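> Right, I'll just put the structure down here and ask away after.
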Amino acid sequence: MTVTPSRAEGEDTASRAGTRHGTGAWANDAAPATGAGGPAGDAERPAPAAATTRRAPAGGTGRHRRTKRRGRAAGGAIPVPGARVAPTDAPAGVAADNAAGVAPPSRGFLARATMITAVLSIAGALLGLGRDQALAHLFGAGTETDAFLVAWTVPEVAATLLIEDGMAFVLVPAFSLAVARRARGAAGDPVRALVAGTLPRLVLAFVAAAALLMAGAPYLVAVLAPGLPDPELAVDCTRLTATCVLSFGLAGYCSAALRAHRRFLAPAAIYVAYNTGIIAVMFVLGGRWGVRSAALGVAVGGCLMVAAQAPSLARQLFGRRRPMPACDPVPAGAPAAEAAPEPDASAGSPAARSASPLDSPNLALITPVLFFALCRQSQVLIERFLASNLPSGAISHLNYAQKVAQIPMTLSLMLCTVTFPVLAQALAEGDTERARARVERDVAVASCVLLLGAAAVFACAPQIIELLFQRGAFNAGDTSATAAVMRVYSVGLLGHTLVGALVRTYFSAGRPTWYPLAAMTAGIVATTWIGVGTVEAWGVCGIAAANAVGITVTAVLLLTGMGERRSVRIHTRRVVHELSKPVRAAVCAATAGALCASRVDSPVLALVAGGLTVTLVYVLLLRVLGVQAVAPAFRTVLRSVTRRLPHARSR
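So in the working numbering, spot 347 of the sequence shown is number 350, and the numbers just go up one at a time.
Written out as structure tokens, the structure is:
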């Protein structure tokens with residue numbers, strides 16, 4: 004799109020038209036090498052004399068370039084055709100971005116990407132509730148559901164390792180670096196080379212792991228739930244759910260690659276496809292197969308997760324490359340700078356530290372990530388191990404309460420999911436200041452959003468469970484037990500959110516670190532000790548309390564351990580001080596909301612009254628306490644609602 008020049012610009016252009024027009028020295032607005040068609044050398048072509056300033060097409064970088072003549076006049080190097088340059092007054096982080104070949108995304112892009120991710124995540128969460136409702140309606144909360152939920156441990160662990168945490172912490176930085184190298188015009192295609200070097204080996208590992216789980220299902224069930232009344236049913240379900248190791252692994256691989264390309268629609272839709280498959284299979288085969296139909300639904304849903312992303316990834320790898328979306332254009336007439344140099348790849352430089360291990364993810368980098376993800380997921384294993392010796396239905400009560408309570412956490416971490424590639428790129432380039440600002444902003448916004456949801460969950464837990472699940476085989480006693488557990492879980496939601504937001508910084512720097520694993524181990528030890536000590540007296544509520552305390556211990560250790568040696572040095576005291584404000588607001592809002600909800604008999608009206616009270620009190624107290632984290636983000640999202648979502652196209 005050509006931008007009409009100002010009068011002065013037009014006169015200046017006209018006076019120089021004879022020397023510039025037709026010389027081929029004008030570097031115009033052709034698409035960048037990242038995802039744009041053709042080599043960088045094809046990007047340069049003569050421009051009309053009247054067009055002094057151009058912006059990049061939608062989704063491009065909008066960065067200006069200098070002509071040969073202007074470069075010589077300034078005494079600088081002659082611009083390389085197709086090279087990115089930064090404005091002279093741009094901060095160091097922008098220059099580093101251009102050196103890497105991928106400009107940083109604008110706030111508007113991050114807001115729109117977060118919005119589309121949140122919308123699809125909400126849809127996936129609602130379908131997840133529908134899945135749990137169907138499970139409760141068809142099979143209740145008893146022996147059958149307990150057996151299935153033991154088998155459900157396999158997809159839960161697989162999702163953590165292969166989609167949400169483990170592989171994402173390694174592959175998103177790896178693909179981000181490969182995309183940046185492709186943008187700089189590296190020989191061949193670094194992205195395809197990364198896929199060729201990693202995908203075949205990972206597929207073999209996934210197949211072997213799935214086969215091992217199927218063969219060892221009886222032993223796995225005996226270890227996970229030794230007191231289960233019907234272990235054979237759990238074994239059958241486990242063999243069906245074991246197939247998700249392969250499908251989840253492929254889905255996680257696709258998600259990491261697409262997010263590094265700043266494509267968020269397909270990765271955000273995977274849980275919509277997954278839960279749709281489970282619900283459909285349960286209703287079609289539930290009468291014939293019983294709870295085994297839910298396990299078969301997990302297998303079908305996993306295949307749908309891959310199918311939802313495969314076309315988009317294929318277009319990124321083998322189709323015509325398109326520009327990276329949504330970077331802030333430079334205003335017309337802004338000064339330009341020379342092409343930024345390649346990052347120093349000498350030993351000890353930030354570029355070298357990040358490039359070497361991420362070129363092809365190695366064992367030293369992957370091992371602490373996988374162990375951390377396994378250790379984090381072991382909280383669920385400990386819960387089910389302890390609950391297997393309680394009366395029938397205890398595992399089901401824990402599961403239903405946890406699934407509902409974690410919805411606010413899932414939504415609050417959407418921003419962190421979108422900004423993870425941005426953080427990985429900043430750390431890979433050694434731009435610690437931009438990384439620090441990104442981490443602090445993400446923690447503040449995610450915590451504020453989470454605490455509002457946690458306060459609502461605590462205040463209206465009985466009404467939420469009654470409206471969602473109390474029908475069919477799920478009775479009033481199940482509602483009461485599940486609501487009590489959910490209130491205890493809500494206390495630990497801030498810890499879960501902080502762990503999810505902070506651990507990305509430890510695993511994004513391109514070097515192995517064992518500190519997150521040590522922090523998570525300390526939390527698991529606390530969970531185990533407290534759970535064993537309280538399960539007899541408090542039952543499932545004691546198990547939930549152990550979970551909350553354990554994850555909070557891990558969050559505190561991760562927050563206090565932030566530093567340049569391990570990840571990113573943040574202003575810990577300031578972050579803690581700012582976090583204390585929404586925490587106080589959430590406690591007051593939850594108390595007021597619970598009092599209002601308890602005075603209304605109708606569950607629907609009680610939920611409305613409690614929810615409105617929580618929201619009003621929380622927002623009012625945030626304003627009184629001077630919390631500044633949410634307002635800018637809200638304004639950015641509001642401005643973006645009516646805009647086109649260029650990143651939302653499934654490419």
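For glycine and all other residues, C-beta sits at the position ideal for the given N, C-alpha and C. None of the values given here were measured: they were computed from a predicted structure.
Taking the CB atoms as reference points, tell me whether Gly-143 and Phe-209 lie closer together than 9 Å.
Cβ distance not < 9 Å, so Gly-143 and Phe-209 don't count as in contact.
> Could you tell me how far apart the beta carbons of Val-248 and Pro-221 are, in whole angstroms, since I believe they sit closer than 8 Å?
With 8 Å as the limit, Val-248 and Pro-221 do not qualify as a contact, their Cβ atoms being about 18 Å apart.
> Thinking C-alpha only, which one of Ala-228, Thr-500, Leu-561 and Ala-390 is nearest Cys-544?
Ala-390
> With a cut-off of 8 Å on the beta carbons, I'd call Leu-496 and Ala-408 a contact; round off their distance for me.
7 Å
> Tell me which residue opens and which closes the alpha helix (DSSP H) that Thr-573 is part of.
The amino acid at residue 573 is misidentified as Thr; the sequence shows Ile. Looking at the DSSP string, Ile-573 is not in any alpha helix (DSSP H), and its letter there is neither H nor E.
> Are the stretch 617 to 630 and the stretch 435 to 455 touching by the rule of at least three beta carbon pairs closer than 8 Å?
yes
> So the candidates are Lys-406, Cys-591, Thr-508 and Glu-436; which of them puts its Cα closest to the Cα of Leu-455?
Cys-591
> Go to Trp-541, then tell me how far its alpha helix (DSSP H) extends in each direction, as first and last residue.
518 to 541
> Alpha carbon to alpha carbon, how far is Glu-469 from Leu-129? Give it in angstroms, no decimals.
16 Å
> For Thr-163, which of Ala-121, Leu-384 and Thr-435 has the nearest alpha-carbon?
Checked all of Ala-121, Leu-384 and Thr-435; the closest Cα to Thr-163 is Leu-384.
> Apart from the five residues just before and just after Asn-392, which ones in its own chain have a Cβ nearer than 7 Å to its Cβ?
Around Asn-392: Gly-230.
> Which residues mark the beginning and the end of the alpha helix (DSSP H) in which Glu-147 is found?
146 to 154
> Does Ala-276 come out as helix, strand or coil in the three-state DSSP assignment?
helix
> Please identify the residue among Gln-312, Ala-211 and Ala-245 whose C-alpha is closest to the C-alpha of Ala-302.
Minimum Cα distance to Ala-302 is reached at Ala-245.
> So is Phe-286 buried or exposed if we call it buried at 16+ other beta carbons inside 10 Å?
Sixteen is the threshold: since fewer than 16 other Cβ atoms of the shown chains lie within 10 Å of the Cβ of Phe-286, the residue is exposed.
> At which residue ranges does the stretch 133 to 210 contain complete alpha helix (DSSP H) runs of 4 or more residues, listed in the order of the chain?
146 to 154, 156 to 162 and 169 to 186
> Does the distance from the C-beta atom of Thr-557 to that of Ala-548 stay below 9 Å?
Not a contact, by the Cβ cut-off of 9 Å.
> Quick check on the burial criterion: 16 or more other C-beta atoms within 10 angstroms. Buried or exposed for Asp-481?
buried
> Report back the beta-carbon spacing between Val-488 and His-400 to the nearest angstrom; my notes put them in contact at under 8 Å.
About 6 Å; that satisfies the 8 Å criterion.
> Within the same chain, show all residues whose beta-carbon is closer than 7 Å to that of Gly-127, passing over the 5 residues directly before and after it, in chain order.
Tyr-274, Val-275 and Asn-278
> What span of residues does the alpha helix (DSSP H) with Leu-231 cover, start to end?
It is not in any alpha helix (DSSP H) - Leu-231 carries neither H nor E in the DSSP assignment.
> Hey, how far is the Cα of Asp-32 from the Cα of Thr-530?
Because Asp-32 sits at a pLDDT of 31, beneath the cut-off of 50, its placement in the model cannot be relied upon, and the following sentence gives the value as read from the coordinates. Whole-angstrom Cα-Cα distance: 57 Å.
> Quick check: the Cα distance between Tyr-256 and Gly-280, rounded to an integer number of angstroms?
20 Å
> For Arg-667 and Ile-410, I'd like the C-alpha separation in whole angstroms.
Outside the shown range of the chain, which is 4 to 654, sits residue 667, and nothing can be said about it.
> For Val-607, is the classification buried or exposed, using 16 other Cβ atoms within 10 angstroms of its Cβ as the cut-off for buried?
exposed
> Under the three-state reduction of DSSP, which class applies to Ala-245: helix, strand or coil?
Here Ala-245 sits in coil by DSSP.
> Please state if the CB of Pro-519 and the CB of Pro-371 are separated by a distance shorter than 9 Å.
Yes; because the gap between Cβ atoms is below 9 Å, this pair is in contact.
> Reducing DSSP to helix, strand and coil, say where Phe-251 ends up.
helix
> By how many angstroms is the C-alpha of Arg-490 removed from the C-alpha of Ala-464?
6 Å
> Between the Cα of Gln-466 and those of Ala-597, Val-559, Gly-475 and Gly-304, spot the shortest distance and give me the residue it belongs to.
Ala-597
> Is it buried or exposed, Phe-321, if we count other Cβ atoms within 10 angstroms and call 16 or more buried?
exposed
> Let me check understanding here. Comparing Cα to Cα, which of Pro-232, Val-173 and Arg-115 lies closest to Phe-151?
Pro-232
> Determine contact between the stretch 421 to 435 and the stretch 550 to 564, defined as no fewer than three beta-carbon pairs at a distance below 8 Å.
no
> Taking all protein chains shown into account, decide if Val-502 is buried (16 or more other Cβ within 10 angstroms of its Cβ) or exposed.
buried
> Sort Ser-315, Trp-292 and Leu-416 by Cα distance to Ser-124 and report the nearest one.
For the residues Ser-315, Trp-292 and Leu-416, the minimum Cα distance to Ser-124 belongs to Leu-416.
> Any idea what DSSP makes of Leu-416, helix, strand or coil?
In the three-state DSSP reduction, Leu-416 falls in the coil class, being neither helix nor strand.
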